[in-house]
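For the record, the sequence lines run as chains A and B.
Taking the numbering used here, the leading residue of the first sequence gets 1, the next gets one more, and so forth.
Taking the numbering used here, the leading residue of the second sequence gets 408, the next gets one more, and so forth.
Written out below as structure tokens is the structure these notes cover.
Protein chains: 2
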Amino acid sequence: MVNIAVLGYGTVGSGVVEVIRTNQAIINKHAGDEVHIKYVLDLREFEGDPIQEILVHNFDVILQDEDVKVVVEVMGGEEPAHRFVKQALEAGKSVCTSNKEMVAKYGAELIQVAKEHKVNFLYEASVGGGIPIIRPLISSLTCDDITEVTGILNGTTNYILTKMRDEGSAFEEVLKEAQEKGYAERNPEADIEGYDACRKIAILTSLVCGRQVDYEDVHTEGISQITKTDFLYAKALKGSIKLLGTYRRIEDKVYVMVAPFIISEQHPLYHVNDVFNAIFVHGNMLDDAMFYGRGAGKLPTASAVVSDVVDEVKHMGKNIMQIWETGKLELGNFDEWKHKFLVRIHSEDIDDVNMDDVKKAFGDVLYMKADGVKNETAFVTKPMEEGAFREAVKQFPGVLSTIRVGF
Amino acid sequence: MVNIAVLGYGTVGSGVVEVIRTNQAIINKHAGDEVHIKYVLDLREFEGDPIQEILVHNFDVILQDEDVKVVVEVMGGEEPAHRFVKQALEAGKSVCTSNKEMVAKYGAELIQVAKEHKVNFLYEASVGGGIPIIRPLISSLTCDDITEVTGILNGTTNYILTKMRDEGSAFEEVLKEAQEKGYAERNPEADIEGYDACRKIAILTSLVCGRQVDYEDVHTEGISQITKTDFLYAKALKGSIKLLGTYRRIEDKVYVMVAPFIISEQHPLYHVNDVFNAIFVHGNMLDDAMFYGRGAGKLPTASAVVSDVVDEVKHMGKNIMQIWETGKLELGNFDEWKHKFLVRIHSEDIDDVNMDDVKKAFGDVLYMKADGVKNETAFVTKPMEEGAFREAVKQFPGVLSTIRVGF
């Protein structure tokens, strides 16, 4: 029997308890041992819930119990989660977590501490919820030079963008509806401004590049500026708008960003709709691959957490090798990263636009029209450096909006 | 340094050599040791190719060399591959393979032999080419009750079906074109009659259920009977035709089959086109997930093979637990499995069809039309047992074709 402790009895924590109780026999078989929840840590009381019997309020009870071999951290937030996890690892307990904030900030450190103490620190659920992506990166995609990872990493924003596209609704309308349905938080900033996706792409990039990517270094844009009209242009381009977290390695420089992109219907991520998430990976041997599933939700996320518990039970006394070293990875200069952009300019008529001025500012562009849009002129640039493009937009009169075009 | 031997210098074998030579540094880093190809076994000579220096023609050289710790079997076919693999495992060498025929037939046995000798037998590339699916099933989806696995498991047939849909071409035309492009073999039976997909779904089902599924027990239909007209109906149903290998567990009975299905554009497999493969998995906690990528091709397949080499180097002296026991898994009675069917009947006019007779034979059905189709009446049944449906078709006059509807 292997005793585990669950820190936090919120959505994911209660999911972890439910997954283990429902699939106990399957889990034991895969773990090769009985997985037993000895403690649940939470500051609250849960009268009437069977877990009340194993509820503790003081982390030291867990830390000092040598019988506890695996600690499941599903409290969220940076502290005290980070302190508890570090103490548990130092006490010779393996830890798994769904906490993306903590993993993004302290991943390299905690992997190192785990290694030193011959235990494991795993975090499958921190990116892509139930989708197996961390373990495939650690143990399957081990003989490829991975030059791109691009993901739809946030279910709330993907739900909003899918609704905007399919129903022609405005951002605010759909956000309100998503909040009513519980798909978006009352304070939705972390999702809609891309902060959640930013931490996730920082984690994936760190793992692929083998060194710490600080999420503060990741250029991050959200979706709150996206309009119905942007979707009309996306449609005219036979594409759709998706909030992407993307890592690219170009000429040995690593670039990372989160931003809305128009992607083509030919791209496998185009078909990832509603609250689903997916991570697209390109390797020099593998070519293209994609991992798809539920990026959030109590049970899918808990399923990923418990798969880490099983792996840790299978690897008692043996550290699973992970290449994510401390020491900051220097990113390429964002201003030099090249993208194509859709640019919308206010104009009563296309004749009002001085094409020479456009060419001077943006180079050769492709003018385009979208059904149902008036009083605008729009064009798609060739690949331009981010810095030069931003400068051109600042100088050019009447720019309504811009959005990157990913094909 | 870990010495490996590659059995077979055909497409995949030369791919394995190329993957290791191109990504040597990455591979060594993940393996935690230098991966070195000591021998390549092939009956042929390869004058001018650098591998000629390490080429051997006699397997015993490899078998008797204690320095060889990992054997890569990429010869294909059942024998002598199976004999070589078994001997290698018994000699204390880990083995990995891309050979689906051998894995489908001898998987349980070879896993058992590996376990007894504290080595590993891995076969990531035997299903889905470069797509990580075997390892995720073994080590990620360990806490779910997996009730469905459905895959587009054969690139050749998916290419043909995609072309038929997009270009409105006939099967024979597209097959010929695929053969010219090298996407289909000159003798394409194994692909187009579903035999290849059959072995792959047998492997996946064995792994998910933990016991040997004999591929001979899997009901298998190919795509050679699919016509342009079938695609017109699929389109009218807002779906497309895909060759699926599918495992389902329904009321504790396991059903497995390979057959063309009409699937809805809402299904994630709908968007898997051309030579791409994907495997859809449903678990009771995970909900839906999908793994997508290149199901064949020299380098993607070799990338999966070498990922097994890396895993085996990381697990020297330690058997990776796999639950796939010998002893045949009894499948549910295929005739009792229920599906919806599209039935096309010859008729000059819908008035020629006696709806009472249809109802008597097929129960309540939904009549439908497809643009561009004449002199036919078509309907979709409610879910019917396979046996009863087959009997009804036999009795009913003028049935032109039938195809399962997966939604």
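From the three backbone atoms N, C-alpha and C, an ideal C-beta is built for every residue, glycine too.
Every beta strand (DSSP E) of 3 residues or more that sits fully in the region 71-126 of chain A is shown, in chain order, as 94-97.
Beta-bridge partners assigned by DSSP to TYR367 (chain A): A:PHE379. Chain-ordered, the chain A residues with CB closer than 7 Å to the CB of ILE538 (chain B) read ALA289. With its beta carbon at least 8 Å from every one in chain B, SER264 (chain A) lies outside the interface. The Cβ neighbour count for HIS674 (chain B), taken over all protein chains shown within 10 Å, is at least 16; the residue is labelled buried.
Interface with chain B (8 Å Cβ-Cβ cutoff): SER126 (chain A) is excluded. Contact check for LEU342 (chain A) against THR246 (chain A) fails: the beta carbons are separated by 8 Å or more.
Residue contact with chain A for LEU548 (chain B): present (Cβ-Cβ distance below 8 Å to some residue of chain A).
Looking from the CA of LYS766 (chain B), the closest CA among B:LYS789, B:LYS776, B:LYS781 belongs to B:LYS789. Counting only residues of its own chain and dropping the five nearest sequence neighbours on each side, TYR292 (chain A) has a CB closer than 6 Å to the CB of ALA278.
In terms of Cβ geometry, VAL305 (chain A) and VAL72 (chain A) form a close pair [threshold 8 Å]. At a C-beta separation below 9 Å, GLY439 (chain B) has these neighbours in chain A: MET321.
If you look at GLU325 (chain A), you'll find it in the beta strand (DSSP E) that goes 325-328. Here ILE444 (chain B) really is in contact with VAL413 (chain B); their C-beta atoms are around 6 Å apart, less than 8 Å. Residue state for ASN273 (chain A) is assigned as coil, using DSSP reduced to three classes. When C-alpha distances from GLU783 (chain B) are compared across B:LEU736, B:ARG751, B:GLY794, the shortest belongs to B:ARG751.
Taking C-alpha positions only, ASN761 (chain B) is separated from TYR530 (chain B) by approximately 54 Å.
Only those residues of the region 305-330 of chain A whose C-beta falls short of 7 Å from the nearest C-beta of chain B are listed: VAL306, SER307, VAL310, ASP311, LYS314, MET321, ILE323. No Cβ-Cβ contact shorter than 8 Å links ASN565 (chain B) with ASP144 (chain A).
Per DSSP, the unbroken alpha helix (DSSP H) holding PRO300 (chain A) starts and ends at 298-314.
Interface residue (Cβ-Cβ distance to chain B less than 8 Å): PRO188 (chain A) is not classified as such. Leaving aside the five residues that flank GLY617 (chain B) on each side, the residues in its chain whose CB is nearer than 7 Å to its CB run, in chain order, ILE730, TRP731, GLU732.
For TYR367 (chain A), the CB contacts under 6 Å within the same chain, skipping 5 residues up- and downstream, are PHE379 in chain order. Looking at the DSSP output, GLY690 (chain B) sits in a beta bridge with B:ILE553, B:ASP694. In the DSSP assignment, ARG199 (chain A) falls within the unbroken alpha helix (DSSP H) covering 195-209. The C-alpha of SER421 (chain B) is placed about 37 Å away from the C-alpha of PHE121 (chain A). Non-local beta-carbon contacts of ASP42 (chain A) in its own chain, meaning distances under 7 Å to residues more than five positions away in sequence, involve GLY8, TYR9, LEU55 in chain order. Listed by position along chain A, the residues whose Cβ is nearer than 9 Å to that of TYR640 (chain B) form an empty set, because the closest Cβ is around 22 Å away.
When the Cα atoms are used, LEU244 (chain A) and SER139 (chain A) turn out to be separated by approximately 24 Å. Two segments are said to touch when three or more pairs of C-beta atoms, one from each, lie closer than 8 Å; by this definition the region 426-440 of chain B does not touch the region 391-405 of chain A.
Excluding five sequence positions before and after GLU516 (chain B), the CB atoms of its chain that fall closer than 7 Å to its own CB belong to THR733, given in chain order. Within a 10 Å sphere around the beta-carbon of ILE350 (chain A) sit fewer than 16 other beta-carbons, which makes this residue exposed. With its beta carbon less than 8 Å from one in chain B, HIS271 (chain A) belongs to the interface. By the rule that beta-carbons nearer than 8 Å mark a contact, ILE152 (chain A) does not touch chain B. Near chain B, meaning a CB-to-CB distance below 7 Å, no residue of the region 236-260 of chain A qualifies.
One thing to note: ILE146 (chain A) has its Cβ within 8 Å of the Cβ of VAL208 (chain A).
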